[in-house]
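To keep things clear, I will list the structure first and then write my remarks on it.
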Amino acid sequence: MQCCDKTIRIRIVSAFLLFAVAAAVVAQVQNPLNKPDSSTVTSPPHHFTIPKPRPEILAYNRIGYALYFVGTAWELLGLWMIFSSGLSAKFSNIANPLSRFRLIRAAVFFALLSAFMLAWRLPLSLAGFLIERHYGLSAMSPWLWIADLGRGYLFGLIKIPAVWLGYLLLERSPGRWWLWLWAASVPWTLAMAVLYPVFIAPAYNHFKPFPDTPLRRELISLADRAGIHGAKVYLVDISRRTKKLNAYVAGLGPTKRIVIWDTTLRGFSDDQILAIAGHEMGHYVLGHVWQGFYAGAFGAFVMLWLLSRLLPWVIGRFGERKGVREIHDLAGLPVVLIIFTGMLFLQTPIESAFTRWQEHEADRYGLQLTHLNEATARVFIGFVEHNYSDPDPPSFITFWFGSHPPLKDRVEFALTYHPWAAPRR
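Counting from 17, one number per residue, gives the positions in the sequence shown under my numbering.
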């Protein structure tokens, strides 16, 4: 038995090391993409420099970095407490007698578990809310913050069918349950990506077609040049929640759209908004949403496979003492979430390197489409001034969870990338 445990521990460590090595390799491969191609650049204007961030901007970011790591540890601690204290077994004992239908039992159990975790996360959620207000970045009232917590809890219950199916497969197909669950997760994830912009996002904010103005006509013309005919561009009333500026692409297929925040419309010039739109159209044209979907499907395959190896060992080692009698006992769900949380944390550098590459390519595409170099650079500087973004974060922070290239690099790239003006050879 000790030999078996040792072998399993070696597999666990090897799997986690594989995540770390892959993250380092991907980061090394992607680093050159954050630098301009020397054959297509010119020197940046001397008068155009990114301002040194104010002390409060640096302090805001340091707090954010700390909260990220503290939040992950806090999440893992809460899940372990609910398992090790026997509370998850009590939740299971409450749910099981209520109905002979597995789905009902899974729903009650997951609702109780989610309520506990909502209360557990409350201190850090409150800290984040107060920090945003302290630095003048939040426009959210306490009542809206509480309402968002409630909405988040209710939308989290959408996972109940996945929990029910997962535990059904664990009992019926203990050897291949992870493969069947992965196969079911692919269309589920696709459906969520399609439905998010039309069902979930509108529960938080109001979306409307971009106003019929000269700027809208320029946006439509820009989309036509990008080959996006009949483009859907929306304006969202994000100013109810934040004073930050941004835009994004969401949805798949018929629900794909470019969304511009109303704060962006008020805070940036028309040229800057066109520059932002060009970047977002780059995501659209380059198929980044689909790339993210494929990468997510592959990541789910790997993590479910790892879970199928780790879960029996953890339940076998600790389960009986905590009231979890079988691997398919719902009371073991906190263990599943601990393993998933740990794996998601460890794969963060891989995901970050991937999204940094996508963002760099979208920057490149936007510049090629609009030729608005200085407007693009001013957008990035605006993120420092309005969003309190760190223009030059520590290398480790960029490596671990930097979803975008550092703003300093993006400004430099925006000001020096002129392939359309390169001399003929």
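We put the CB at the ideal spot given by N, CA and C, even for glycine.
For THR386, the number of other beta carbons within 10 angstroms of its own is at least 16, and it is reported as buried. Where PHE223 is concerned, the enclosing beta strand (DSSP E) starts and stops at 223–225. The count of Cβ pairs closer than 8 Å, one atom from the segment 332–339 and one from the segment 367–386, stays below three, leaving the stretches out of contact.
Secondary structure at SER285: coil, using DSSP grouped into helix, strand and coil. Residue pairing by DSSP places ILE274 opposite VAL249, VAL265 in a beta bridge. Listed as beta-bridge partners of TYR84 by DSSP are no residues whatsoever. Short of 7 Å from the beta carbon of VAL427, and not among the five residues preceding or following it, lie these beta carbons of its own chain, in chain order: ILE66, ALA393, PHE396, ILE397. With a minimum length of 4 residues, the unbroken runs of alpha helix (DSSP H) contained wholly in the segment 144–229 fall at 158–172, 176–188, 193–211. The beta carbon of TYR151 is closer than 8 Å to those of GLU72, TYR76, TYR404 in its chain, skipping five residues each way along the sequence. Contact between the segment 265–277 and the segment 199–213 is established, with three or more Cβ pairs separated by less than 8 Å. The beta carbon of ASN221 sits closer than 8 Å to the beta carbons of VAL252, ASP253, ILE254, ARG256, ARG257 from its chain, once the five residues preceding and following it are set aside; these are given in chain order. Closest option to HIS420, judged by alpha-carbon separation, among HIS295, MET359, ARG232: HIS295.
Of the candidates ILE354, TYR84, PHE399, ARG70, PHE399 places its Cα closest to the Cα of ALA263. By the 16-neighbour rule on beta-carbons within 10 angstroms, VAL86 is exposed. Per DSSP, the continuous alpha helix (DSSP H) segment holding ARG426 begins and ends at 423–432.
Inter-segment contact for the segment 227–242 and the segment 284–298 is present: three or more beta-carbon pairs are separated by less than 8 Å. When C-alpha distances from ALA316 are compared across PRO435, GLY298, THR357, LEU138, the shortest belongs to THR357.
For THR258, the three-state secondary structure derived from DSSP is strand. Take the alpha-carbon of GLU336 and the one of LEU95: they are about 17 Å apart.
Per DSSP, reduced to three states, the secondary structure at GLN307 is helical.
By alpha-carbon distance to SER285, the top candidate from PRO113, GLU390, LYS175, PHE99 is GLU390. Beyond the five residues adjoining it in sequence on each side, HIS304 comes within less than 6 Å, by CB distance, of GLN374 in the same chain, given in chain order. Around the C-beta of ALA219, fewer than 16 other C-beta atoms lie within 10 Å, and the residue is accordingly described as exposed. Between PHE126 and LYS175, the C-beta spacing is below 8 Å. Listed in chain order, the non-local C-beta contacts of TRP277 below 7 Å within the same chain comprise VAL252, ILE254, LEU261, ASN262, ALA263, local neighbours out to five positions each way being set aside. Segment contact: the segment 306–314 against the segment 409–420, fewer than three CB-CB distances shorter than 8 Å; contact not assigned. From the listed residues GLY191, PHE215, ARG188, VAL179, the smallest Cα separation to SER201 is found for VAL179. For the pair LEU170 and ILE110, the Cα-to-Cα distance works out to about 20 Å.
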